[in-house]
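Protein chains: 2
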Amino acid sequence: MAVNVNTRVDAQRWVFLSKDAPDPGNKDLLGGKGAGLAQMTQAGLPVPPAFTITTEACNAYQESNDFPPGMWEQAVEALREIEAETGKRLGDAADPLLVSVRSGAKFSMPGMMDTVLNLGLNDETVQGLARQTNNERFAWDAYRRFIQMFGRIVMGVSGEKLDHVFDAAKKAAGTEQDTDLTAEQLRAVAQELKQTVEREAGRPFPTDVMEQLALAIKAVFGSWMGKRAVDYRNEVHIAHDLGTAVNVVAMVFGNMGDDSGTGVAFTRNPSTGEKKLFGEFLPNAQGEDVVAGIRTPIVISRMQEVWPEVYAEFQAIADTLEATYKDVQDLEFTVERGKLYMLQTRNAKRTGRAAVVTAVQMVDEGILSREDALKRVDPTHVQQLLVPQFDEAARKTAGKPLGKGLAASPGAAVGKLVFDPDRAEQMTLDGESVILARKETSPEDFHGMARAKGILTSRGGMTSHAAVVARQMGKPCIAGAEEIDIDVANRRLTAGGVTLYEGDWASMDAALGEVYAGRIPTVEPDIERDRELATLLGWADDVRTLGVHANADTPGEATRARALGAVGIGLCRTEHMFRDEGRLEHVRDVILNALDAKRARKEATPDASLQEARERYEAGLRTLGEFQVGDFYGILKAMDGLPVIIRLIDPPLHEFLPSRERLMVEVALADAAGRSGTDLDEMRLELEAVERFHEQNPMLGLRGCRLGILFPEIVEMQVRAIALAAARLKSEGLDPRPKIMIPLVGTRGEMVMERTLLERVVKDVLAAEGSDVAYKIGTMIELPRACMVADQIAESAEFFSFGTNDLTQTTFGYSRDDAEGKFLGEYVESGILPINPFETLDRDGVAELMKIAIEKGRKARSGLEIGICGEHGGDPASVQTCHELGLNYVSCSPGRVPIARLAAAHAALGHVPADR
Amino acid sequence: MAVNVNTRVDAQRWVFLSKDAPDPGNKDLLGGKGAGLAQMTQAGLPVPPAFTITTEACNAYQESNDFPPGMWEQAVEALREIEAETGKRLGDAADPLLVSVRSGAKFSMPGMMDTVLNLGLNDETVQGLARQTNNERFAWDAYRRFIQMFGRIVMGVSGEKLDHVFDAAKKAAGTEQDTDLTAEQLRAVAQELKQTVEREAGRPFPTDVMEQLALAIKAVFGSWMGKRAVDYRNEVHIAHDLGTAVNVVAMVFGNMGDDSGTGVAFTRNPSTGEKKLFGEFLPNAQGEDVVAGIRTPIVISRMQEVWPEVYAEFQAIADTLEATYKDVQDLEFTVERGKLYMLQTRNAKRTGRAAVVTAVQMVDEGILSREDALKRVDPTHVQQLLVPQFDEAARKTAGKPLGKGLAASPGAAVGKLVFDPDRAEQMTLDGESVILARKETSPEDFHGMARAKGILTSRGGMTSHAAVVARQMGKPCIAGAEEIDIDVANRRLTAGGVTLYEGDWASMDAALGEVYAGRIPTVEPDIERDRELATLLGWADDVRTLGVHANADTPGEATRARALGAVGIGLCRTEHMFRDEGRLEHVRDVILNALDAKRARKEATPDASLQEARERYEAGLRTLGEFQVGDFYGILKAMDGLPVIIRLIDPPLHEFLPSRERLMVEVALADAAGRSGTDLDEMRLELEAVERFHEQNPMLGLRGCRLGILFPEIVEMQVRAIALAAARLKSEGLDPRPKIMIPLVGTRGEMVMERTLLERVVKDVLAAEGSDVAYKIGTMIELPRACMVADQIAESAEFFSFGTNDLTQTTFGYSRDDAEGKFLGEYVESGILPINPFETLDRDGVAELMKIAIEKGRKARSGLEIGICGEHGGDPASVQTCHELGLNYVSCSPGRVPIARLAAAHAALGHVPADR
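Those protein sequence lines, which keep their order, are chains A and B.
Just so we're aligned, residue 4 is where the first sequence starts under my numbering, counting upward by one.
Just so we're aligned, residue 4 is where the second sequence starts under my numbering, counting upward by one.
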């Protein structure tokens, strides 16, 4: 027996044998795959001998661009141990050991990292392999696979060029199947591949097996900082300094004949959660054939018929592993001449549906506690349950689908077709929705997949790259739609006699695997009646301390939010109501006459035009006021007995006006054409009025409470409508609970002035109506100054609601509209920002300001109720921050209420989901 | 003797007699005028008997709109005391006492508050007065004056209407002089005035003298919250809750014949500081005649000839008062039949010149210590010394002045003529510079005077309303320019045969009293050679702890700043250099090609158009780089041996591009005209490029270090130029001290990335040049987030400089450009903001954030150098705040360096100037 590397203490240990790694579950050190191998090995399961080079070695490699001192020597010692165990030697011409070199980070990054199989082959050992297996064809096939993989991954030769050599040979042989090639033909392929590698890489293919090993390990390390891995980690928010481990595993072969095969399987259905082995196997194949989706595999239940004993052993192992990990497992296995080998186990990625169903199942089965079940479900899982579905009525009129494929990841998607990921990225940056159609996807496509609304492939199965990645992202995906001919080169697809080109609209229902031409309207899913989700969220409600409210502007939204578990409306935006049909003209009348009306009020004897402006202004407000009574009546009624925070008018007024640029051009054109007349005069007047409201930086201009202070009549109209609506409901025996919110307050003076006005109006109305509705007056905290003087503001505010969209804008000095298109992407990509602060609350800056505001606010008014109503309220990481800050509640869009409920429970449990 | 009101302790004391007020110097309680009367009375000077109703009574009145309980009774008791002292009684038909009722706040508000003279007259007492004085004409003149004043001020009748009655009577009598009217004619005038008052006010003129007194006191109280008083206090930053006292003083008469008169005088010349009585008197006149500027008075030195004894007594009193108050005094007096009465003494308002000269004189005279002398000079005084003067060469070519007047307040002004204050306000809001021309000014004109560049009147003397107010504001004023016919009704002036209309340009040199047609260029004053100022600022430098640097972009500005005492450049804005002649085209080449050049660098084989863009981008940068070396060489040379902080490019790039709106209109017009060709194509391309840089909110967009991160080549070019310039100077034996400042940093990542880039470039250049210039790299702190993470930023920043313009914008969420035109005025006016935060640093919000930044920054890097380079650096109140925050220095525009030096000394002395 060789020296056991694991007992050396005089140097850092970079390498561990699976069979005796002292902490086999340590994913931080061994990566997920390495930990799985070690745990399975040490549990006595059938696993090929293996060793793992640690993530620490990877990080050391990134710094020095070389193996850290001692690592290589430890790896060689570990290799000798595997050799001893298998009785073979790497590079032994007579009885060669072959190994796979696989990456394996702490978090699974499907297809992102590189793997080299069959390492140890060269012109000599291939002969030994042929003798060993008594199968020359097998040996040469293994060799040519190895050269292709090593050439591409380690030596950087274009995969297409190498595939082309192989494809040409098949063509020459008059076949399309790999298996039809003879040993001799494969030998020729191998030689030509080596020459191609040498020509393309500018150096010969290495024949020294130890050099092969060293280069392969370096390639895995190098792939950690490769573009696609970095892109992926940025997308799913995995830190770049985790590093990847490298696993060196003795090869077993699934392609040694019909008693061999390879497969992947989940212990339960990762799409629906059904408790039944779910997966696929390919007889006489190596693992890469399954994952790459090149040959369509056979469902795993069929294995029971083919190899009943193997199947039984596999089922038993699956049960054991699930019980051990207390989670659904994702397994890779190979059968070599009838013997089962486990190659990998890991917690299974799954759809939201499956996550919720299995978590609830496992509580029923006694495997999990309720709290652990909550931890098993990530907020992203719940989010997936919220993806839209087709409007069934519209689907019926949409005719027959173009074609069908596998329902790889559920949800409906509508978008313009694109056929390559760069174009997908570009078009989405231009504001388009796209569906990405590919023959099959590879890790290079990731950036386009991340942007697309849906993904469609014509090849590959339920565990193909496209399917796995889409499920993880919660994005609709139809895979293996073989009826659809996807022609990437010509940017078109054809199915059912119809051809669609890039830019044409398409719709897909990935729950059914159906693809349609054109746009089919989508609707929100009916999650209210989801029994398992209701059960899980009920447990979440028992645990969480943070309240969950919703942002809703209409009775319909409010009703939905309530059904989804919201216990109040945290933000009702009144200005959205202004844009409703039949109102905009009155809104414009109010705005365009506001300044003159103000002058008219100030002057003792205003002239006729000012007087007219004042009359139009007041008439416009009266009309709007009538509409608003109905608006508020509806939403307060929908939330009967629950609080509704109504925010007074907030956006810059020019948002309601015609476009300044358009008017400028139109007036210039009319002038140039020598036109005259009242039309032109009116346009000119309109332009003049629009110019008066034009601002350099509207985000920092006349908006929020500044409007109410300059034009108090607008706010008066709104408050009167709120009070009237509430009084009416009360008289009908209901329990309206309006809370009036003043936006964009930055000074004590604004709060005092607005509060005084509001109270006067409400009291007047209630007195006139003989009503006694209880109400509260509070403010948005959305400016850094508001945070700094929160004590002054709290003197006259009964509640605070953080408007973190604006607060993020002003704290960072970013205009969201400008930053996201111009530099925020580059900031996140280059690591200047760990995350887009508009998606997840910035802890160092924005949250610190919030902390000051909370302390000062509650000091001035003990028990001050504080919430958040920015979009962050529905982001799980931000919910965590809100919990830590001690907020009373978060408020988010109705559809995100379930996510927030779960995230709030996680926060209360101190649980940070692993996908973050 | 009547009950002494001052000894009552059982109720709040609202009223104090001048002769025994227990704390005669208490201006807070008695107001300035009341305190002066009490102090003079108690010092034994000849003062008519008087009592003062306190400012507290005024504030109580504002709350309840009525006299506070007990006040009236105390006032009546005090009146009885005056009656006892004078032996007359108010309302006594036989021997009536007359009183004046005068307002008097803590701070003098010239002409702002109302005064009623001769109170106590009615149809009966006027007869008594005639008998008392044996002068029927005098009595009726006093009565008609009283009716006019009381009618206007107390009863709200239009002054014009009342003047008209009097003017008509003069016209009917065929005279222009008041003094030509007979007693009988004046009696008729009085009767008609009473009828006019009754008709206009809708109630009869009160005959009850106690009712007159009560109403007059209420009118004074009411005037405190009158529009003009509120406007004035807003302008000069006096709190609205100070209140005004009311002084009731026994009347003495300067209009009882040629042995009587009235006047005002300063103990030293308030314009030049010359140590000599300066003032005017009017024989046979009441005080209002002097202040209103209706009759042109006689210089006070002539009094020596007319009334030598009175003059000697007056000079002695002046010396006594100056020694008592240790300050120049502003005196009002009346001579009644040869007897001198002092009516008022107060610290004199004066020009900046006079303030500096008298402060230095008084140290020489042993009256003041150096520290007290510093306290006697306000920063606004120094500011006045910095007002521009005509370019002498240009004046010579400007021809003869149109006319001349009194040099009432020095300085040169250029602007469009306007003839009424509303128009002046409107035009300045539209961005125009104006000169306000009026026959004479009144408090109602204040808002226009405050906006005008200069003030011109054709009537009134050196102590007229226009002169006093202009001197206080440090604004050029020519008063009493009788050669100039100012025709307000027709909006024109005529002089020297020339007529100028509203909107025509005019120039005035108020130091010489000369008015010119057209625009004469102005230059900065030569304050560097001002001996007294140098002396005073030398004392300031001895006292202050805060450094004073300057913001300068050119060698010329830097040289001037250095001459004015700046010990470094706190901000050199490099982008201003980009706009210089011959550079803008290269700047545009760089910007318009920047995005394509970036793509070209990213792509392996960019297409020809991208490649060309890259070449144009790089060529443009090379050319700019050559210019910049010269720029930096110049400024570093000018500041040899002193630090120069150079800020890298900061503004949004569209600022250098053609107007988007103009291009849109031009392209639309060309399209409509059916034009085609390369011109149009190019315009279209240009518009497209401009659109790519267009932003919704450029203030919050792609600017500051964000530019340097997206387009590192621009920053590299600048830093290379800085290093090259410094290396060259060093090789010439000079001592350049460049400090490179990165703008708009908000994250640790930005600072690290930029610092790394900058250091590499500087080191490369210095190594190549074989130079070892010392340099520092730091950052602007101008975002709330930068304050919150200042510790992270300080890890790689060697200095901080607060950019308080931007920090104020983001902290408040105000775009300065938008806010100042749209709502900031209303905010300050209504008291929501105590002050415009862009003028004076906001203590509650912005300064609190700065405090956090300073604490965190110095915690991370002890001894971190921190300054401020926003415009606040030259604002005295903000300098005070910076001193308290513990900054190392302030940096301001060169011309404000002397102000900052004095303000820093005041801060070190813990002195807050009284005018704040």
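We treat Cβ as the ideally placed atom computed from N, Cα and C, and that holds for glycine.
Since this is a predicted model, take the numbers as computed values, not measurements.
- Among the CB atoms of chain B, none fall inside 9 Å of the CB of A597(A).
- Residues of the segment 807 to 827 of chain B with a Cβ closer than 8 Å to any Cβ of chain A, in chain order: D809, Q812, T813, T814, F815, G816, Y817, S818, D820, D821, A822, K825, F826.
- When secondary structure is reduced to three states using DSSP, V255(B) falls in the coil class, being assigned neither helix nor strand.
- According to DSSP, M345(B) shares a beta bridge with F336(B).
- Of all residues in the segment 688 to 701 of chain A, the ones placed with a Cβ closer than 8 Å to any Cβ belonging to chain B are E698, Q699, N700, P701, in chain order.
- When rounded, the separation of the alpha-carbon atoms in A911(B) and I648(B) is 25 Å.
- Contact annotation, F815(B) with I784(B): C-beta distance approximately 16 Å; criterion of less than 8 Å not satisfied.
- A Cβ-Cβ separation of about 5 Å places P27(B) in contact with Q45(B) under the 8 Å criterion.
- Interface flag for I871(B) against chain A is unset, since no Cβ pair is found closer than 9 Å.
- Close to V668(A), with beta-carbon spacing below 7 Å, are these residues of chain B in chain order: M667, V668, A671.
- Around L705(A), the beta-carbon contacts reaching into chain B at under 9 Å are D821, A822, K825, F826.
- If the five residues before and after Y146(B) are omitted, its C-beta is found closer than 6 Å to the C-beta atoms of L124, V129, A193, all from its own chain and listed in chain order.
- Within the same chain, and ignoring the five residues on either side of T548(B) in sequence, the residues whose Cβ sits closer than 6 Å to its Cβ are A911.
- Apart from sequence neighbours up to five positions away, the residues of its chain that approach L769(A) with a beta-carbon distance below 8 Å are A726, A730, D775, V776, ordered along the chain.
- Here DSSP, grouped into helix, strand and coil, assigns I523(A) to coil.
- K478(B) and Q364(B) have their C-alpha atoms roughly 24 Å apart.
- Only D847, G848, E851, L852 from the segment 846 to 861 of chain B bring a Cβ to less than 7 Å from some Cβ of chain A.
- Of the other Cβ atoms in all chains shown, fewer than 16 fall within 10 Å of the Cβ of N68(B); this residue is therefore exposed.
- At a cut-off of 9 Å between beta carbons, Y830(B) contacts chain A.
- If you check the CB distance, I572(B) and M642(B) come in under 9 Å.
- Within 10 angstroms of the beta-carbon of L587(A) lie fewer than 16 other beta-carbons, which makes it exposed.
- Interface residue (Cβ-Cβ distance to chain B less than 9 Å): V718(A) is not classified as such.
- The segment 533 to 553 of chain B and the segment 507 to 522 of chain B do not touch, with fewer than 3 CB-CB distances between them shorter than 8 Å.
- At a cut-off of 9 Å between beta-carbon atoms, M791(B) makes contact with chain A.
- In the three-state reduction of the DSSP assignment, I652(B) falls in the coil class, being assigned neither a helical nor a strand state.
- Scanning its chain for C-beta atoms nearer than 7 Å, with the 5 sequence neighbours on each side dropped, one finds around V755(B) the residues S799, in chain order.
- Per the coordinates, the alpha-carbon of T460(B) lies some 8 Å from the alpha-carbon of L439(B).
- Residue burial is scored here from C-beta neighbours: P207(A) has fewer than 16 other C-beta atoms within 10 angstroms and is therefore classed as exposed.
- Checking the DSSP bridge columns, you'll see Y504(A) partnered with R495(A).
- Our two residues, F141(B) and A133(B), have alpha carbons roughly 7 Å apart in a direct line.
- Closest by C-alpha distance to V252(B), out of R576(B), T813(B), S21(B), is S21(B).
- Runs of the alpha helix (DSSP H) lying entirely within the segment 621 to 709 of chain A, each at least 4 residues long, are 663 to 675, 681 to 696 in chain order.
- Taking the CA atoms as reference points, I320(A) sits about 45 Å from G828(A).
- When CB distances to chain A are screened at a threshold of 9 Å, not a single residue of the segment 119 to 133 of chain B falls below it.
- DSSP places G550(A) in the uninterrupted beta strand (DSSP E) bounded by 550 to 554.
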